[in-house]
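To keep things clear, I will list the structure first and then write my remarks on it.
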Amino acid sequence: METPETWALVGSLGELERAEAILEARDEFVIKPDSGYGGKRAIVVTGCTENGDFETLRSRNGWTNQNIIYN
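Residue numbers for the sequence shown follow my numbering, so the first one is 8 and each next one is one higher.
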């Protein structure tokens, strides 16, 4: 199994703006927190809604990019 490409590592609040720009350019990705194990607390983004919000495996209602970044 190949190791997925890492697009951004966020270590501080100041780096969130850069991460937001990177994520807006993609429709599918996974956000893995620095804590947790076995996939716990990971967010799997599966696409975008018509208004540009992210769809996740947890909710099909759509998350804004701010919801994804700050949660």
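Note that the Cβ used here is the ideal one computed from N, Cα and C, for glycine as well.
Would residue i and residue j be called neighbours here (beta carbons separated by less than 8 angstroms)?
i	j	result
W14	I38	no
F61	V52	yes
R33	P40	no
Whole angstroms are fine: how far does the CA of residue j sit from the CA of residue i?
i	j	result
E35	V17	18 angstroms
G59	P11	24 angstroms
G21	E57	29 angstroms
Taking the alpha carbon of residue i as the point to measure from, which residue in the options has its own alpha carbon closest?
i	options	result
C55	L20, E24, E31, G21	E31
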